[in-house]
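Per this note's numbering, the sequence shown starts with residue 63, numbered consecutively.
Built from N, CA and C at the ideal position, the CB exists for glycine as well.
None of the values given here were measured: they were computed from a predicted structure.
Working notes, beginning with the structure itself.
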Amino acid sequence: MASLHLQDLTVEFPIYQANGRSLKKALFSAPMGTNLARDAANRILVRALNHLTLTIDKGDRVGLIGPNGSGKTTLLKTLAGIYEPTSGTLHTQGRVSALLDVQMGMNPDATGRENIMLRGMYMGIHPKDMQVHVEEVVEFTELGPYIDMPVRTYSAGMMLRLAFAASTCVEPEILLMDEWLAAGDSHFLAKAQKRMEDFVQRSSLMVLASHSLDLLERWCNKGLYLRNGNVIAYGPLKEVADVYQQSLAEA
Numbered sequence: 063m064a065s066l067h068l069q070d071l072t073v074e075f076p077i078y079q080a081n082g083r084s085l086k087k088a089l090f091s092a093p094m095g096t097n098l099a100r101d102a103a104n105r106i107l108v109r110a111l112n113h114l115t116l117t118i119d120k121g122d123r124v125g126l127i128g129p130n131g132s133g134k135t136t137l138l139k140t141l142a143g144i145y146e147p148t149s150g151t152l153h154t155q156g157r158v159s160a161l162l163d164v165q166m167g168m169n170p171d172a173t174g175r176e177n178i179m180l181r182g183m184y185m186g187i188h189p190k191d192m193q194v195h196v197e198e199v200v201e202f203t204e205l206g207p208y209i210d211m212p213v214r215t216y217s218a219g220m221m222l223r224l225a226f227a228a229s230t231c232v233e234p235e236i237l238l239m240d241e242w243l244a245a246g247d248s249h250f251l252a253k254a255q256k257r258m259e260d261f262v263q264r265s266s267l268m269v270l271a272s273h274s275l276d277l278l279e280r281w282c283n284k285g286l287y288l289r290n291g292n293v294i295a296y297g298p299l300k301e302v303a304d305v306y307q308q309s310l311a312e313a
C-alpha cells in the first residue's frame with residue numbers, strides 16, 4: 063500500500079563563503095521563524111525543512127500551500143529522493159513518479175525516442191515495461207520526425223510535450239507534481255488536460271505544489287501549509303486553505 067512517512071525530517075543547505083558582513087548582519091537580525099541558522103561548525107545555513115513529522119496514506123491527494131521560499135519544492139524533491147534529509151527519516155512505500163522538472167532524466171544529446179526510455183529509467187521503470195509504451199508516447203507528442211532528433215534541437219514546448227507524455231504513460235503509485243506543466247502552449251494544455259486528470263485519478267497517492275487554490279480544490283482532498291520550512295497546518299484542504307488565506311489577510 064502506497065504511503066509516505068516523515069519523522070522529524072530536516073533539510074538544510076549550507077551557504078558557502080558566507081562570511082560577508084551583510085549576511086552575518088542578516089542572520090543575527092533575522093526575526094524568529096525565519097529559516098536562517100548556524101550549524102555546530104558555526105556555518106550559516108538555510109533550513110529549508112524544519113523537523114517535519116507527518117504521514118501521507120493511500121487515497122490522500124495533498125496540495126502543498128505556501129508562499130515562495132516556504133519549502134514546497136524542497137519537500138517534493140526530498141520525497142522524490144533528489145535531496146537527502148539532513149536529519150530525521152523518510153519512509154517510502156510504493157513507486158514514485160515525479161513530475162518536477164522537464165529536464166530531469168533527459169539527455170540533450172539523445173533523441174526523443176531514446177529519451178522516452180531514459181525518462182522511464184529515471185522513474186524506476188524496467189526498460190521492458192517502458193518499451194511497450196513508446197509508440198503511444200510518440201503519437202501523443204505529435205513531434206513527427208523530431209522524435210528521432212536530439213532533444214537539444216527542441217523548443218521548450220517540444221521538450222515539455224515529450225517529458226509529459228513519457229512521464230504519464232505508466233500507472234502511478236506515488237505521484238509528485240510541481241507547476242512546470244503550466245509552461246505548455248494552449249494547444250498542448252488543452253490536449254493534456256484529460257490525460258493529466260486520468261493520470262491523477264489512477265495514482266494511489268499524490269502530492270502537488272501549486273499557487274492556484276482552484277487547481278488544488280479540483281485535484282486534492284488534503285492541504286499542507288508550509289511557511290519557512292515549518293508545517294503550519296495539515297488536514298482537510300478547505301480548512302488548511304482557510305488558515306492560509308487568513309494569514310495572508312493578516313500580513
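(message) Counting beta carbon pairs with one atom in the region 150-162 and one in the region 96-108, are three or more of them shorter than 8 Å?
(response) The region 96-108, when compared against the region 150-162, does not touch it at the 8 Å Cβ threshold.
(message) Using 9 Å as the threshold, is the C-beta distance between Val-164 and Ala-218 below it?
(response) To locate residue 164, count along the sequence shown from 1; it is residue 102. To locate residue 218, count along the sequence shown from 1; it is residue 156. Cβ atoms of Val-164 and Ala-218: closer than 9 Å.
(message) DSSP three-state label for Ile-209, please.
(response) For the purposes of this step, residue 209 is taken as the residue at position 147 of the sequence shown. Helix, per DSSP.
(request) Assess, as a yes-or-no matter, whether the region 156-174 is touched by the region 130-145 under the definition of 3 or more beta carbon pairs within less than 8 Å. (result) In this structure the region 130-145 lies against the region 156-174, because at least three pairs of beta carbons, one per stretch, are closer than 8 Å.
(request) Determine the extent of the alpha helix (DSSP H) in which Lys-345 is found, giving its start and end residues. (result) No answer is possible for residue 345: the residues shown for the chain start at 63 and end at 313.
(request) Can you check DSSP and say which residues form a bridge with Ser-65? (result) Within the sequence shown, numbered from 1, the residue matching residue 65 stands at position 3. Ser-65 is bridged to Asp-119 and Gln-155.
(message) Between Tyr-287, Cys-282, Ser-132 and Gly-167, which has its C-alpha nearest Leu-222's C-alpha?
(response) Start at 1 with the first residue of the sequence shown, and residue 222 comes out as number 160. For Leu-222, the nearest C-alpha among the options comes from Gly-167.
(request) Please report the Cβ distance between Pro-170 and Pro-212, rounded to the nearest whole angstrom; I am assuming they are in contact, meaning their Cβ atoms lie under 8 Å. (result) On the sequence shown, position 108 is the one that residue 170 refers to. On the sequence shown, position 150 is the one that residue 212 refers to. A Cβ-Cβ separation of about 7 Å places Pro-170 in contact with Pro-212 under the 8 Å criterion.
(message) Using only the alpha-carbon positions, how far apart do Leu-310 and Gly-131 sit?
(response) Walking along the sequence shown from the start, residue 310 turns up at place 248. Walking along the sequence shown from the start, residue 131 turns up at place 69. If you draw a straight line from the Cα of Leu-310 to the Cα of Gly-131, it comes to about 15 Å.
(request) Work out the CA separation of Leu-66 and Phe-261 for me, nearest whole Å. (result) Position 199 of the sequence shown, counting from 1, holds the residue named residue 261. Position 4 of the sequence shown, counting from 1, holds the residue named residue 66. Between Phe-261 and Leu-66, the C-alpha separation is close to 19 Å.
(request) With a 10 Å radius around its C-beta and 16 neighbouring C-beta atoms as the bar for buried, classify Met-63 as buried or exposed. (result) One-based indexing of the sequence shown puts residue 63 at position 1. It counts as exposed.
(message) Run through the DSSP bridge pairs and tell me what Asn-149 is partnered with.
(response) Here the question's residue 149 lines up with position 87 in the sequence shown. One point to set straight first is that residue 149 is Ser, not Asn, in the sequence displayed. Here Ser-149 is bridged, per DSSP, to Thr-72.
(message) Could you tell me which whole beta strand (DSSP E) segments of length 3 or greater appear in the region 265-304?
(response) Every beta strand (DSSP E) stretch that sits fully inside the region 265-304 and reaches 3 residues is listed by chain position as 267-271, 284-289 and 292-298.
(message) For Met-192 and Ile-236, what's the separation of their Cα atoms in angstroms?
(response) For the purposes of this step, residue 192 is taken as the residue at position 130 of the sequence shown. For the purposes of this step, residue 236 is taken as the residue at position 174 of the sequence shown. Met-192 and Ile-236 have their C-alpha atoms spaced approximately 17 Å apart.
(request) Measure the beta-carbon distance from Leu-286 to Leu-126 and round it to whole angstroms, keeping in mind my assumption that it falls under 8 Å. (result) Indexing the sequence shown from 1 puts residue 286 at position 224. Indexing the sequence shown from 1 puts residue 126 at position 64. At roughly 5 Å, the Cβ-Cβ gap stays under 8 Å, so Leu-286 and Leu-126 are in contact.
(message) Alpha carbons only, please: which of Leu-137, Phe-202 and Pro-298 is nearest the one belonging to His-113?
(response) Sequence index remark: in the sequence shown, residue 113 carries index 51 (1-based). The shortest C-alpha to C-alpha distance from His-113 to any of Leu-137, Phe-202 and Pro-298 is the one to Leu-137.
(request) Using three-state DSSP, classify Ala-227 as helix, strand or coil. (result) Position 165 of the sequence shown holds residue 227. DSSP, reduced to helix, strand and coil, places Ala-227 within a helical segment of the structure shown.
(message) Do Gly-121 and Leu-267 count as a contact pair if the criterion is CB distance below 9 Å?
(response) Counting from one through the sequence shown, the residue named residue 267 turns up at place 205. Counting from one through the sequence shown, the residue named residue 121 turns up at place 59. Yes, these two residues count as a Cβ contact at 9 Å.
(request) Compute the distance between the beta-carbons of Thr-117 and Leu-71, then report whether it is under 9 Å. (result) As a position in the sequence shown, residue 117 is number 55, starting the count at 1. As a position in the sequence shown, residue 71 is number 9, starting the count at 1. Against a cut-off of 9 Å, the Cβ pair of Leu-71 and Thr-117 comes out as no contact.
(message) Distance check for Asp-101 and Glu-241, CA to CA, integer angstroms please.
(response) Here residue 241 corresponds to residue number 179 of the sequence shown, with the count starting at 1. Here residue 101 corresponds to residue number 39 of the sequence shown, with the count starting at 1. Each residue's alpha carbon lies about 32 Å from the other.
(message) Between Gln-128 and Arg-257, how many whole angstroms is the CB-CB distance? I'm expecting something under 8 Å.
(response) The residue labelled residue 128 in the question sits at position 66 within the sequence shown. The residue labelled residue 257 in the question sits at position 195 within the sequence shown. Note that residue 128 corresponds to Gly in the displayed sequence, not to Gln. Actually they are not in contact, since the Cβ atoms of Gly-128 and Arg-257 sit about 28 Å apart, beyond 8 Å.
(request) Pick helix, strand or coil for His-113, following the three-state DSSP scheme. (result) Taking the sequence shown and counting its residues from 1, the one referred to as residue 113 is at position 51. The answer is strand: DSSP assigns His-113 an E or B state.
(message) Need the endpoints of the alpha helix (DSSP H) that Ile-187 sits in, please.
(response) Here the question's residue 187 lines up with position 125 in the sequence shown. DSSP places Ile-187 in no alpha helix (DSSP H); its state is neither H nor E.
(request) Give the straight-line distance between the Cα atoms of Pro-93 and Leu-299, rounded to the nearest whole angstrom. (result) Residue mapping note: residue 93 aligns to position 31 of the sequence shown, counting from 1. Residue mapping note: residue 299 aligns to position 237 of the sequence shown, counting from 1. In this prediction, Pro-93 has a pLDDT of 44, which is less than 50 and means its spatial position is unreliable; what the coordinates show is noted afterwards. Rounded to the nearest angstrom, the two C-alpha atoms are 29 Å apart.
(message) On the DSSP bridge list, what partners appear for Leu-107?
(response) The residue you call residue 107 lines up with position 45 of the sequence shown. For Leu-107, which the question treats as bridged, DSSP gives the partners Pro-76 and Ala-99.
(request) Would you mind working out which of Glu-197, Pro-147, Cys-231 and Phe-202 sits nearest Met-185, comparing C-alpha positions? (result) As a working note, residue 185 is residue 123 in the sequence shown. When C-alpha distances from Met-185 are compared across Glu-197, Pro-147, Cys-231 and Phe-202, the shortest belongs to Cys-231.
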